[in-house]
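Just so you know, the sequences run in chain order A and B.
Counting from 64, one number per residue, gives the positions in the first sequence under the numbering used here.
Counting from 82, one number per residue, gives the positions in the second sequence under the numbering used here.
Here's the structure we're looking at; comments come further down.
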Amino acid sequence: MNPFSEKTMEQIAAIIKKYPEGKHKSALLPVLHLAQRERNGYLSVETMNEVAAMLNLEPVEVYEVATFYSMFNLQPVGRFVLEVCRTSPCCIVGGEQIMDYLKQKLSISEGETTPDGLFTIKPMECLGSCGTGPVLQILEKFYENLTEAKIDEIIADCKQQHAVLN
Amino acid sequence: MPQKIFLEHTGKADLTQIEHYLKFGGYSSVAKALNTLTPEEVVAEVKKSGLRGRGGAGFSTGMKWSFLDKKSGNPAYLVCNADESEPGTFKDRYLMEFNPHMLLEGMIVSAYALAANTAYIYIRGEYWYLIDILEKAIAQAHAKGFLGKNILGKPYSLEIYVHPGAGAYICGEETALLESLEGKRGNPRIKPPFPAVYGLYGCPTVVNNVETLAAVPWIINNGSAAYATIGIGASTGTKLISACGNVKKRGVYEIELGLPVEEFIFSDEYCGGMANGKKLKACVPGGSSVPVLPAHLLLKTEKGEPRLLTYESLADGGFKTGSMLGSGGFIVYDHEQCMVRNTWNFTRFYRHESCGQCSPCREGTGWMEKILYKIETGKGNMADIDLLWDIQRRIEGNTICPLGDAAAWPVASAIRHFRHEFEWHVTNPAEATKPGAVYNGNLLSVV
Ligand SMILES: Cc1cc2nc3c(=O)[nH]c(=O)nc-3n(C[C@H](O)[C@H](O)[C@H](O)COP(=O)(O)O)c2cc1C
Ligand code: SF4
Ligand code: FES
Chain A
64 MNPFSEKTME
74 QIAAIIKKYP
84 EGKHKSALLP
94 VLHLAQRERN
104 GYLSVETMNE
114 VAAMLNLEPV
124 EVYEVATFYS
134 MFNLQPVGRF
144 VLEVCRTSPC
154 CIVGGEQIMD
164 YLKQKLSISE
174 GETTPDGLFT
184 IKPMECLGSC
194 GTGPVLQILE
204 KFYENLTEAK
214 IDEIIADCKQ
224 QHAVLN
Chain B
82 MPQKIFLEHT
92 GKADLTQIEH
102 YLKFGGYSSV
112 AKALNTLTPE
122 EVVAEVKKSG
132 LRGRGGAGFS
142 TGMKWSFLDK
152 KSGNPAYLVC
162 NADESEPGTF
172 KDRYLMEFNP
182 HMLLEGMIVS
192 AYALAANTAY
202 IYIRGEYWYL
212 IDILEKAIAQ
222 AHAKGFLGKN
232 ILGKPYSLEI
242 YVHPGAGAYI
252 CGEETALLES
262 LEGKRGNPRI
272 KPPFPAVYGL
282 YGCPTVVNNV
292 ETLAAVPWII
302 NNGSAAYATI
312 GIGASTGTKL
322 ISACGNVKKR
332 GVYEIELGLP
342 VEEFIFSDEY
352 CGGMANGKKL
362 KACVPGGSSV
372 PVLPAHLLLK
382 TEKGEPRLLT
392 YESLADGGFK
402 TGSMLGSGGF
412 IVYDHEQCMV
422 RNTWNFTRFY
432 RHESCGQCSP
442 CREGTGWMEK
452 ILYKIETGKG
462 NMADIDLLWD
472 IQRRIEGNTI
482 CPLGDAAAWP
492 VASAIRHFRH
502 EFEWHVTNPA
512 EATKPGAVYN
522 GNLLSVV
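As structure tokens, this is what we get:
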């Protein structure tokens with residue numbers, strides 16, 4: 064039985080081919096990214112065990128890696144994870160105020176999820192977007208030069224997207 | 082007109098499409114290298130050009146290549162470092178987004194020089210959208226015969242693969258990067274052995290920054306002598322500088338090394354001066370790890386000479402009055418920014434990003450963060466400032482990788498140049514912790 068969708072399994076097979084024979088452990092980070100996307104944005108112990116079995120690794124080899132990298136979530140998260148940069152170059156152009164506004168608007172703190180399960184605020188270190196900060200990311204998409212009005216728009220868009228998908 | 086290498090044609094056409102890139106002479110260095118130069122000759126050219134690593138350390142690229150162990154009997158690897166996580170740095174992102182083929186072209190010629198048949202681009206996971214751009218570019222290069230088996234009909238073959246990281250600044254350090262590429266935690270290795278001898282999968286490996294590799298085609302096409310005429314002294318060529326913070330026009334600029342810092346900040350061609358009519362207070366000129374400089378030492382060296390954007394000029398005066406060119410992450414602070422808060426912010430970053438292998442780095446960054454937060458929130462005392470100094474001094478030089486130093490230097494330089502501001506927080510806690518409080522005591526250094 065394949066633990067993941069057919070499309071993901073195909074992608075995983077292609078990823079493993081990038082590395083030399085016997086070095087399939089190299090596929091671990093890209094595979095964990097795919098697994099997290101398919102499993103509601105986080106890696107449960109069960110998911111990690113499945114990845115371990117698939118790549119022929121000991122479960123601990125997966126746990127120790129998953130816990131090291133900040134893009135992997137080990138607890139359930141909201142449908143939209145707002146990854147907000149908190150590092151100096153963003154902070155000195157209004158990043159702190161943006162974070163405060165977001166927290167107040169969603170009535171949650173950093174690291175928390177709204178009770179409706181829609182939003183998680185995840186503070187991040189420099190996202191490589193300092194020239195267009197303040198910045199936040201939702202999956203691979205960057206939202207740059209943030210203002211309070213833009214935050215309102217982003218939140219409204221997410222809510223609409225959620226309504227359409229449900 | 083200043084010479085441009087990376088951004089000469091960006092904006093004129095969509096260079097992510099290989100047809101457009103070819104129109105501007107793209108991939109001609111691959112033909113030139115494979116048809117007319119031996120791998121050793123390519124290495125020699127790059128060495129003579131004076132090209133230095135653009136990832137931060139500024140080590141001679143040709144020299145590094147010549148250390149590659151050719152006798153091990155194991156395959157050699159080229160790894161492109163696209164982890165770009167040093168706060169203030171976003172130039173590699175720009176280059177990969179708008180000129181991905183230039184990186185691929187540079188990688189092909191470099192891999193040929195190293196006799197590597199497999200190359201990886203290790204890109205930070207947050208740049209996920211760039212993976213798509215790079216993989217499309219790789220497919221186009223394949224279709225045109227610049228990649229794959231028997232490139233341009235020659236006996237040389239190469240595959241390039243893109244590999245995502247997953248959010249860890251330390252994976253920019255080359256040995257941590259290799260561990261991560263092997264599917265492990267990003268714990269730096271003890272050096273020696275260096276990657277040139279024991280790198281990816283234990284094989285000889287060269288790790289180079291995106292911008293370093295992208296400079297290679299120009300050098301091969303125009304010759305090392307032409308490259309060496311750009312720049313000043315041992316700082317040859319052009320450099321991408323990512324400007325951010327409180328300047329009018331943030332962004333990525335290509336400069337000829339040797340441009341005066343003052344011109345870079347105030348000329349309309351570059352940053353266009355300070356934003357919102359504020360004054361220049363301080364600058365971290367080479368990414369968060371390098372020492373912060375107050376305005377007067379940023380624009381002029383201690384000897385009163387104009388400070389230039391070169392490895393040598395920015396380092397002039399040592400850490401007492403100088404800094405480093407680093408990665409080219411140029412962070413500018415106006416007179417309303419608080420140096421204590423900024424130092425606390427950076428220290429939190431290093432605490433968060435420490436891999437935890439060495440106690441001075443793991444514990445020291447945490448202690449410094451706590452003490453800085455104490456001072457910033459008005460609860461510090463004078464002895465805390467000395468304690469901070471003492472901790473950073475004990476981290477520097479006592480760790481496996483340079484992240485420890487990188488965490489110590491911002492603290493040391495902030496205390497060295499802005500001690501009065503730390504003291505003001507201690508002696509005037511009520512005033513210093515008011516929202517938007519501005520310290521006006523050191524206007525001497527504000528320009
Ligand atoms: C903590 C730390 C982070 C680093 N991050 C990067 C990075 O993001 N990109 C990079 O090219 N080099 C980075 N480096 C430097 C690399 O270790 C290595 O020197 C570089 O990739 C070599 O390439 P170059 O010679 O072309 O500069 C980092 C070093 C340290 C100690
Ligand atoms: S200095 Fe810090 S980041 Fe580098 S190896 Fe030691 S603990 Fe890890
Ligand atoms: S500091 Fe926010 S993206 Fe770099």
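Where is the CB? At the ideal position from N, CA and C, for every residue including glycine.
If you're wondering where the values come from, they're calculated on a predicted model, not measured in any experiment.
**Request:** Using 6 Å as the cut-off, classify the Cβ of T428/B as near or not near the heavy atoms of ligand 3, replying yes or no.
**Result:** For the purposes of this step, residue 428/B is taken as residue 347 along the second sequence, with counting starting at 1. T428/B Cβ: outside cutoff for every heavy atom of ligand 3.
**Request:** May I ask you to check if the CB of A148/A is nearer than 6 Å to at least one heavy atom of ligand 3?
**Result:** The sequence position of residue 148/A within the first sequence is 85, counting from 1. This sequence places Cys at residue 148/A; Ala is not what is there. Yes, ligand 3 has a heavy atom inside 6 Å of this Cβ.
**Prompt:** Which of the three DSSP states, helix, strand or coil, is assigned to I171/A?
**Reply:** The residue labelled residue 171/A in the question sits at position 108 within the first sequence. Three-state result, I171/A: coil.
**Prompt:** Among residues of its own chain, excluding the 5 on either side of G368/B, which ones have a beta-carbon nearer than 6 Å to its beta-carbon?
**Reply:** Translated into the one-based positions of the second sequence, residue 368/B becomes position 287. Excluding residues up to 5 positions away in sequence, E167, G169, T170, G407, S408, G410 lie with their Cβ nearer than 6 Å to the Cβ of G368/B in the same chain.
**Prompt:** When the Cα of T210/A is compared with those of M134/A, F67/A, N119/A, E159/A, which residue comes out closest?
**Reply:** Numbered from its first residue, the first sequence carries residue 210/A at position 147. The option with the nearest alpha carbon to T210/A is E159/A.
**Asked** What are the boundary residues of the alpha helix (DSSP H) that includes I214/A?
**Response** Along the first sequence, read from residue 1 onward, the residue named residue 214/A stands at position 151. Judged by DSSP secondary structure, I214/A falls within the alpha helix (DSSP H) whose first and last residues are 211-228.
**Asked** What is the DSSP secondary structure of R500/B, counted as helix, strand or coil?
**Response** Working through the second sequence from its first residue, we reach residue 500/B at position 419. Here DSSP, grouped into helix, strand and coil, assigns R500/B to helix.
**Request:** Could you have a look at G92/B and say whether DSSP puts it in helix, strand or coil?
**Result:** Numbered from its first residue, the second sequence carries residue 92/B at position 11. G92/B carries a coil assignment under DSSP once its states are collapsed to helix, strand and coil.
**Request:** Quick one: list the residues of chain A neighbouring I412/B, beta-carbon separation under 9 Å, in chain order.
**Result:** Here residue 412/B refers to the residue found at position 331 of the second sequence. Within chain A, the residues near I412/B are S151, P152, I155, C193.
**Request:** Label L395/B either buried or exposed according to how many other C-beta atoms from any shown protein chain fall within 10 Å of its C-beta, with 16 as the threshold for buried.
**Result:** Residue numbering aside, residue 395/B sits at position 314 when the second sequence is read from its first letter. Under this definition L395/B is a buried residue.
**Message:** For the stretch 264-298 of chain B, list every residue whose C-beta sits within 8 Å of some C-beta in chain A, in sequence order.
**Reply:** Cβ contacts with chain A: G264, K265, R266, G267, Y282.
**Request:** Count the CB pairs spanning the stretch 479-496 of chain B and the stretch 420-431 of chain B that are closer than 8 Å, and state whether there are at least three.
**Result:** Yes, since at least three Cβ pairs between the stretch 479-496 of chain B and the stretch 420-431 of chain B fall closer than 8 Å, the two stretches touch.
**Asked** Who are the Cβ neighbours of K330/B in its own chain at under 7 Å, not counting the five residues just before and after it?
**Response** Locating residue 330/B in the second sequence gives position 249, counting from the first residue. For K330/B, where only same-chain residues beyond five positions count, the Cβ hits under 7 Å are C352, G353.
**Item:** Quiz: which residues have CB nearer than 6 Å to ligand 2 non-hydrogen atoms
**Value:** Here the residues close to ligand 2, judged by CB distance below 6 Å to any of its heavy atoms, are I251/B, P269/B, S435/B, C436/B, G437/B, Q438/B, C439/B, C442/B, R443/B, T480/B, I481/B, C482/B, L484/B, G485/B in chain order.
**Request:** Name the one or two DSSP bridge partners that K204/A has.
**Result:** On the first sequence, residue 204/A is found 141 positions in, with the first residue counted as 1. Paired residue(s): I201/A.
**Message:** Give me, in chain order, the residues of the same chain whose beta-carbon lies closer than 8 Å to that of E188/A; leave out the 5 immediate sequence neighbours on both sides.
**Reply:** Locating residue 188/A in the first sequence gives position 125, where the first residue counts as 1. Here the set comprises S133, C148, R149, T150.
**Message:** Using beta carbons (cut-off 7 Å, strictly below), is Y132/A in contact with chain B?
**Reply:** Reading the first sequence from its first residue, position 69 is the one you call residue 132/A. Any Cβ of chain B closer than 7 Å to the Cβ of Y132/A would place that residue at the interface, and such an atom is present.
**Asked** How about E207/B: is its C-beta nearer than 7 Å to some C-beta of chain A?
**Response** As a first step, residue 207/B must be located in the second sequence, where it is residue number 126. Contact of E207/B with chain A is assigned, a C-beta pair being separated by under 7 Å.
**Asked** Within the present structure, is the beta-carbon of P516/B separated from the nearest heavy atom of ligand 3 by less than 6 Å?
**Response** Position 435 of the second sequence, counting from 1, holds the residue named residue 516/B. Outside the cutoff, so no.
**Prompt:** Just the Cα atoms here: how many angstroms apart are E104/A and G154/B?
**Reply:** Here residue 104/A refers to the residue found at position 41 when the first sequence is read from its first residue. Here residue 154/B refers to the residue found at position 73 when the second sequence is read from its first residue. The residue asked about is misnamed: residue 104/A is Gly in this sequence, not Glu. Between the C-alpha atoms of G104/A and G154/B there is a straight-line separation of about 43 Å.
**Request:** Go to L379/B, then tell me how far its alpha helix (DSSP H) extends in each direction, as first and last residue.
**Result:** Start at 1 with the first residue of the second sequence, and residue 379/B comes out as number 298. From DSSP, the alpha helix (DSSP H) with L379/B extends over 376-380.
**Message:** Quick check: is any heavy atom of ligand 4 less than 6 Å from the C-beta of T446/B?
**Reply:** Inclusion of ligand 4 in the displayed structure is not the case, the ligand content consisting of ligand 1, ligand 2 and ligand 3 alone.
**Message:** Just checking: is the beta-carbon of W506/B within a distance shorter than 7 Å of some beta-carbon in chain A?
**Reply:** Taking the first residue of the second sequence as position 1, residue 506/B is located at position 425. Residue identity check: residue 506/B is His in the sequence provided, not Trp. Taking CB atoms only, H506/B has no neighbour in chain A less than 7 Å away.
**Item:** Per-residue contacts from C364/B into chain A (C-beta, under 8 Å)
**Value:** Reading the second sequence from its first residue, position 283 is the one you call residue 364/B. For C364/B, no chain A residue has a Cβ inside 8 Å of its Cβ, as the nearest lies near 12 Å away.
**Asked** Under the rule that 16 or more other beta-carbon atoms within 10 Å means buried, what is G318/B, buried or exposed?
**Response** Residue 318/B sits at position 237 when you count from the first residue of the second sequence. Classification of G318/B: buried, given that the 10 Å Cβ count is 16 or more.
**Message:** Helix, strand or coil for K362/B? Go by DSSP, reduced to three states.
**Reply:** Position 281 of the second sequence holds residue 362/B. Strand.
**Asked** Does any C-beta atom of chain C lie closer than 7 Å to the C-beta of Q418/B?
**Response** Going by chain labels, chain C is absent from the structure shown, which instead holds the protein chains A and B.
**Request:** Using a cut-off of 8 Å between C-beta atoms, extract the partners of L95/A located in chain B.
**Result:** To locate residue 95/A, count along the first sequence from 1; it is residue 32. For L95/A, the chain B residues whose Cβ falls inside 8 Å of its Cβ are A247, in order along the chain.
**Prompt:** List, in order along the chain, the chain B residues whose C-beta lies closer than 9 Å to that of E188/A?
**Reply:** Here residue 188/A is taken as the residue at index 125 of the first sequence, counted from 1. Near E188/A (Cβ distances below 9 Å), the residues of chain B are S166, P168, G248, Y250, R429, F430, H433, E434.
**Asked** Given a threshold of 16 other Cβ atoms within 10 Å of its Cβ, counted over all protein chains shown, does L106/A qualify as buried or as exposed?
**Response** In the first sequence, residue 106/A corresponds to position 43, counting from 1. Result: buried.
**Request:** Decide if L169/A is buried, meaning its Cβ has at least 16 other Cβ atoms within 10 Å, or exposed.
**Result:** Taking the first residue of the first sequence as position 1, residue 169/A is located at position 106. L169/A counts as buried, since no fewer than 16 other beta carbons sit within 10 angstroms of its beta carbon.
**Message:** Tell me the residue span of the beta strand (DSSP E) that contains G415/B.
**Reply:** One-based indexing of the second sequence puts residue 415/B at position 334. The amino acid at residue 415/B is misidentified as Gly; the sequence shows Asp. Unbroken beta strand (DSSP E) run through D415/B: 410-415.
**Asked** Taking 6 Å as the line, does the beta carbon of F140/B fall inside it for any heavy atom of ligand 1?
**Response** Residue 140/B sits at position 59 when you count from the first residue of the second sequence. Yes, since a heavy atom of ligand 1 falls inside the 6 Å radius drawn around the Cβ of F140/B.
**Prompt:** Hey, how far is the Cα of A90/A from the Cα of E263/B?
**Reply:** Here the question's residue 90/A lines up with position 27 in the first sequence. Here the question's residue 263/B lines up with position 182 in the second sequence. Rounded to whole angstroms, the separation of the alpha carbons of E263/B and A90/A is 8 Å.
**Request:** Examine ligand 1 and report whether any of its heavy atoms sits within less than 6 Å of the Cβ of V288/B.
**Result:** Within the second sequence, residue 288/B is the residue found at index 207, counting from 1. Yes, Cβ of V288/B sits closer than 6 Å to a heavy atom of ligand 1.
**Request:** Could you name the residues of chain B that F135/A contacts, counting a contact when the two beta carbons are closer than 8 Å?
**Result:** Stepping through the first sequence from its first residue, residue 135/A is reached at position 72. Chain B residues near F135/A: A247, G248.
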